[in-house]
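Engineer: Below you will find the structure I want to go over with you.
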């Protein structure tokens, strides 16, 4: 009996001793799902995720300037590819962890119809989008508006968020009547949490392929490498699809 107890204690001590932390930069649209994945990852491995969320464009600049991030979960596939080419990311480590979906959303029920006709009516003062130079969802929003032939009509009404989280806040607080956000921000259990929304047809904007990459500071770090492996697990995939992304 003593031997069994001692073995259990030593086993626990071994796990704790080898538990590690990983500094992760996460695109704002994926902040919520990442929290759920991080909790499952910690329970499974003992490693802890230290998460910072923001715009992919700003993360790129911070990483190039020596930020301590070990893994980047981007909102696009171009930024990780660029970091890899420039030698700031580990070659061969990047892959697409999710494909995002764009929605036009209003905090008010009935404000947005299921075909997006509200955009053509233009009976609103402000429309929120994320900065298209920094946030891929903002770029997708401008592509959608252009595809609908509404650029000239809607540009004067733009309220521009630094990232998709701030954009969502503009709409939620009523500073913008409606706006473009990630489906993951307004989805709960397969349906829209509050307000009204139009799921933008995928043919109106470029695919939002979101890639993850192991950064140089994470190379050889057990927690960082384990997290990338965990992202391919059934547990992580279940969270991703339930959050409104495709794989």
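In the working numbering, the protein residues as written are 8 to 254. Every residue, glycine too, gets a C-beta built ideally from N, C-alpha and C.
In angstroms with no decimal places, state the Cα-to-Cα distance between residue 135 and residue 125.
Structural biologist: To locate residue 135, count along the chain shown from 1; it is residue 128. To locate residue 125, count along the chain shown from 1; it is residue 118. Their backbone Cα atoms lie some 14 Å apart in a straight line.
Engineer: Which residue from 228, 208 and 246 puts its Cα closest to that of residue 123?
Structural biologist: If you number the chain shown from 1, residue 123 lands on position 116. If we check each option's Cα against that of residue 123, 208 comes out closest.
Engineer: What would DSSP say about residue 144, mapped onto helix, strand or coil?
Structural biologist: Residue 144 sits at position 137 when you count from the first residue of the chain shown. Correct three-state label for residue 144: helix.
Engineer: Please look up how many angstroms separate the CB atoms of residue 119 and residue 223, rounded, as I've assumed it's under 8 Å.
Structural biologist: Numbered from its first residue, the chain shown carries residue 119 at position 112. Numbered from its first residue, the chain shown carries residue 223 at position 216. Actually they do not touch by this definition, with Cβ atoms about 43 Å apart.
Engineer: If you run the structure through DSSP and keep just helix, strand and coil, what is residue 165?
Structural biologist: As a working note, residue 165 is residue 158 in the chain shown. Reduced to three states, the DSSP call for residue 165 is strand.
Engineer: By a C-beta neighbour count over all protein chains shown, 10 Å radius and 16 as the cutoff for buried, is residue 146 buried or exposed?
Structural biologist: Sequence index remark: in the chain shown, residue 146 carries index 139 (1-based). Answer is buried; the Cβ neighbour count reaches 16.
Engineer: Helix, strand or coil: how does DSSP classify residue 28 here?
Structural biologist: Translated into the one-based positions of the chain shown, residue 28 becomes position 21. In the structure shown, residue 28 sits in a strand (DSSP, three-state: E or B).
Engineer: What residue from 59, 104, 152 and 194 has the CA that sits closest to residue 212's CA?
Structural biologist: What you label residue 212 is simply residue 205 of the chain shown in a count that begins at 1. It is 152.
Engineer: Classify residue 254: buried if its beta carbon has 16 or more other beta carbons within 10 angstroms, exposed otherwise.
Structural biologist: Stepping through the chain shown from its first residue, residue 254 is reached at position 247. Burial call: exposed.
Engineer: Check residue 189 in the structure and name its three-state DSSP category.
Structural biologist: Within the chain shown, numbered from 1, the residue matching residue 189 stands at position 182. Strand at residue 189.
Engineer: Reducing DSSP to helix, strand and coil, say where residue 82 ends up.
Structural biologist: Sequence index remark: in the chain shown, residue 82 carries index 75 (1-based). Coil, per DSSP.
Engineer: Measure the C-alpha to C-alpha separation of residue 248 and residue 189 and round it to an integer number of angstroms.
Structural biologist: Residue mapping note: residue 248 aligns to position 241 of the chain shown, counting from 1. Residue mapping note: residue 189 aligns to position 182 of the chain shown, counting from 1. Spanning the two alpha carbons is a distance of roughly 13 Å.
Engineer: Mapping DSSP to helix, strand and coil, what is residue 236?
Structural biologist: Stepping through the chain shown from its first residue, residue 236 is reached at position 229. It is helical.
Engineer: Which residue wins for smallest C-alpha separation from residue 79, given the options 232, 140 and 43?
Structural biologist: What you label residue 79 is simply residue 72 of the chain shown in a count that begins at 1. Residue 79 has its Cα closest to that of 232, out of 232, 140 and 43.
Engineer: Pull up the DSSP beta-bridge partners for residue 55, would you.
Structural biologist: What you label residue 55 is simply residue 48 of the chain shown in a count that begins at 1. According to DSSP, which records beta bridges pairwise, residue 55 is partnered with 28.
Engineer: May I have a chain-ordered list of the alpha helix (DSSP H) segments no shorter than 4 residues that lie completely inside the stretch 204-249?
Structural biologist: 229-237 and 241-249
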